[in-house]
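Engineer: My questions will all concern the structure given below.
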Amino acid sequence: MEIILASASPRRSKLLTQIGVTHKVHVSNVEENYTEGIDPKVWVKDIALLKALEVAKFYKKGIVIGADTIVVKDGFILGKPEDERMAMKMLEFLSGDTHEVMTGIALVNAKDPNQSYTHVETTKVLFRKLNSLEISNYVNTKEPMDKAGSYAIQGVGTLFVEGIEGCYNNVVGLPLNRLAQMLKRFNVEVLNVHNN
Ligand SMILES: Cc1cn([C@H]2C[C@H](O)[C@@H](COP(=O)(O)OP(=O)(O)OP(=O)(O)O)O2)c(=O)[nH]c1=O
Numbered sequence: 320m321e322i323i324l325a326s327a328s329p330r331r332s333k334l335l336t337q338i339g340v341t342h343k344v345h346v347s348n349v350e351e352n353y354t355e356g357i358d359p360k361v362w363v364k365d366i367a368l369l370k371a372l373e374v375a376k377f378y379k380k381g382i383v384i385g386a387d388t389i390v391v392k393d394g395f396i397l398g399k400p401e402d403e404r405m406a407m408k409m410l411e412f413l414s415g416d417t418h419e420v421m422t423g424i425a426l427v428n429a430k431d432p433n434q435s436y437t438h439v440e441t442t443k444v445l446f447r448k449l450n451s452l453e454i455s456n457y458v459n460t461k462e463p464m465d466k467a468g469s470y471a472i473q474g475v476g477t478l479f480v481e482g483i484e485g486c487y488n489n490v491v492g493l494p495l496n497r498l499a500q501m502l503k504r505f506n507v508e509v510l511n512v513h514n515n
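Count the sequence shown with the numbering used here and you get residues 320 to 515, in order.
In structure tokens:
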């Protein structure tokens, strides 16, 4: 069974490769325009599904995986920062407190797009208190610029993380354990994948 990852994130592709899932990457053009007042869980699931459905149109068969990662704190959704100023504001906001990282995942059968499964995985992350110098030094590394919430737990950003509760890979962009369980619904056993 061919597996198509509908994501531009090199991290997600690497995570899939880590568990032995051979796949093709086909990037979707879905706009991530947040509408005020939407429940973050509903939003992140809907965007993941939209990404997978859009890419599924290009294929006659196979399983399309869509995903979206957001950071949520006090009801606010933090996506990727638009500029360095915004990245600094996000990090100030996350400093010294716990936030949630949510990844929505959607699996769509390209042969019959009505067959789809979605899930939202949530991981709690505790940041230690950050000072303004380390925030600006971190933003200068550019690492935050393409990351939800303006940090990368898999990079230098790990220095801000005091603890996590839940799936680590979910913070990086794909909850692998959950994804493997979802793939079983399409009879894909991750430890025994034949994609050709
Ligand atoms: C919090 C956090 C996020 N991220 C990343 C995961 C996602 O790639 C990114 C959030 O952006 P997304 O919009 O979820 O994904 P993307 O734009 O990289 O790719 P696509 O939309 O095509 O699927 O933030 C990390 O890499 N590390 C972290 O610690």
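For every residue, glycine included, the Cβ atom is placed at its ideal position computed from N, Cα and C. Only a predicted model underlies this, so the values are computations on that prediction, with no experimental measurement involved.
Just grab the DSSP bridge partners of Thr441 for me.
Structural biologist: Met421, per the DSSP bridge assignment.
Engineer: Are the CB atoms of Val458 and Lys472 within a distance shorter than 8 Å?
Structural biologist: A small correction: the amino acid at residue 472 is Ile; Lys does not occupy that position in the sequence shown. Taking 8 Å as the Cβ cut-off, Ile472 and Val458 do not qualify as a contacting pair.
Engineer: Please tell me whether, using a cut-off of 7 Å, the distance from the CB of Gly482 to the nearest non-hydrogen atom of ligand 1 is below it.
Structural biologist: No, ligand 1 has no heavy atom inside 7 Å of this Cβ.
Engineer: Assess, as a yes-or-no matter, whether the stretch 360-369 is touched by the stretch 409-428 under the definition of 3 or more beta carbon pairs within less than 8 Å.
Structural biologist: A contact exists between the stretch 409-428 and the stretch 360-369.
Engineer: Determine the direct distance from the alpha carbon of Arg404 to that of Asn514, and round the result to whole angstroms.
Structural biologist: Confidence at Asn514 is low in this model, with a pLDDT of 48, below 50, so its placement is unreliable and the value that follows should be read with caution. For Asn514 and Arg404, the distance between alpha carbons rounds to 44 Å.
Engineer: Helix or strand or just coil, what does DSSP make of Leu368?
Structural biologist: Leu368 falls in the helix class under three-state DSSP.
Engineer: If we count the other Cβ atoms within 10 Å of its Cβ and call it buried at 16 or more, is Thr388 buried or exposed?
Structural biologist: So Thr388 ends up on the buried side.
Engineer: Determine the burial state of Tyr470: buried for a count of at least 16 other Cβ atoms within 10 Å of its Cβ, exposed for fewer.
Structural biologist: Looking at its Cβ environment, which holds 16 or more other Cβ atoms inside 10 Å, Tyr470 is buried.
Engineer: Would you be able to state if there are at least three C-beta pairs under 8 Å between the stretch 368-384 and the stretch 444-457?
Structural biologist: They do not touch, by the three-pair rule.
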